[in-house]
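K.L.:
For the sequence shown, the working numbering begins at 843 and goes up steadily by one.
We put the CB at the ideal spot given by N, CA and C, even for glycine.
If you're wondering where the values come from, they're calculated on a predicted model, not measured in any experiment.
Structure below; questions to follow.
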Amino acid sequence: MFNCSVHGLSKSRIESIHTDLTSNPQVIAELKLESLEVRGNYSLSSLLSRSVHGCTVKMNNVEVVSFIEMSTSNQGNLVASDIEMDITVDKIKIDFQNIGFLALLFQDMINTMDVLVFKTVKPYILQEVKVLMREEINKAARQVEMTFPNSITPLDFAIAEARETV
């Protein structure tokens, strides 16, 4: 598959967020989607010809778990610096357009190749979700009134601030 685009991310919701501001500040966020659709193209080659057609991959009950490493910007705000993600899906339906009569007979068998197709479209999905997650986490981090120096961890800074007030 190539020329893929992801549809349905606007209906996503962040289910839970856990923060850890110890030595390595990070955020763990879980994103859930009822359905997600990836549209793209596939190529079919035979002895005499090669053709390109459309393909749609529909996924239900999509869950994305993100491990987001936080760092301090030059202005002292927390920002998402490194994001690692994993995605799970309950059900995948694959639809190859103009696949031909013989392959149409094997459409059910093609739908059992969901693991292979999922591994193909997974990078496209994670790339789109990573952008969305980075924007949401950075937006939430900007709402924090406190600024942090970028030379010490946020937890150490919070302890130092608490010592000054006590």
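#1: Taking the DSSP output, what are the residues bridged to residue 875?
#2: Taking all protein chains shown into account, do 16 or more other C-beta atoms lie within 10 angstroms of the C-beta of residue 971, making it buried, or fewer, making it exposed?
#3: How close, in whole Å, do the beta carbons of residue 927 and residue 906 come, if the pair is a contact with beta carbons under 8 Å?
#4: Have a look at 911, 933 and 938 and flag the residue whose alpha-carbon is nearest the alpha-carbon of residue 925.
#5: Could you give the DSSP three-state label for residue 864: helix, strand or coil?
#6: Are at least three pairs of beta-carbons, each pair with one atom in the segment 1001-1008 and one in the segment 866-884, less than 8 Å apart?
#7: Mind checking who residue 922 pairs with in its DSSP beta bridge?
#8: Answer with buried or exposed for residue 930, where buried requires no fewer than 16 other C-beta atoms within 10 angstroms of its C-beta.
#9: For residue 851, which of helix, strand or coil comes out of DSSP?
#10: Note down the Cα distance separating residue 896 from residue 938, rounded to an integer number of angstroms.
#11: With distance defined between alpha-carbon atoms, name the residue in 847, 874 and 998 nearest to residue 854.
P.N.:
Per the coordinate set shown:
#1: Taking the first residue of the sequence shown as 1, we reach residue 875 at position 33. In the DSSP secondary-structure assignment, residue 875 is bridged to 904.
#2: On the sequence shown, position 129 is the one that residue 971 refers to. By the neighbour-count rule (16 or more Cβ atoms within 10 Å), residue 971 is buried.
#3: In the sequence shown, the residue the question calls residue 927 occupies position 85. In the sequence shown, the residue the question calls residue 906 occupies position 64. With 8 Å as the limit, residue 927 and residue 906 qualify as a contact, their Cβ atoms being about 6 Å apart.
#4: Translated into the one-based positions of the sequence shown, residue 925 becomes position 83. The candidate whose alpha carbon is nearest that of residue 925 is 911.
#5: Position 22 of the sequence shown, counted from the first residue, corresponds to residue 864. Correct three-state label for residue 864: coil.
#6: Contact fails between the segment 1001-1008 and the segment 866-884, because fewer than three Cβ pairs, one in each stretch, are under 8 Å apart.
#7: Here residue 922 corresponds to residue number 80 of the sequence shown, with the count starting at 1. The partner list for residue 922 (beta bridge, DSSP) reads 912.
#8: As a position in the sequence shown, residue 930 is number 88, starting the count at 1. Counting C-beta atoms within 10 angstroms of its own C-beta, residue 930 has fewer than 16 neighbours from the protein chains shown and is therefore classed as exposed.
#9: The sequence position of residue 851 within the sequence shown is 9, counting from 1. The answer is helix: DSSP assigns residue 851 an H, G or I state.
#10: One-based indexing of the sequence shown puts residue 896 at position 54. One-based indexing of the sequence shown puts residue 938 at position 96. Roughly 6 Å between the two C-alpha positions.
#11: What you label residue 854 is simply residue 12 of the sequence shown in a count that begins at 1. Out of 847, 874 and 998, 874 has the C-alpha closest to the C-alpha of residue 854.
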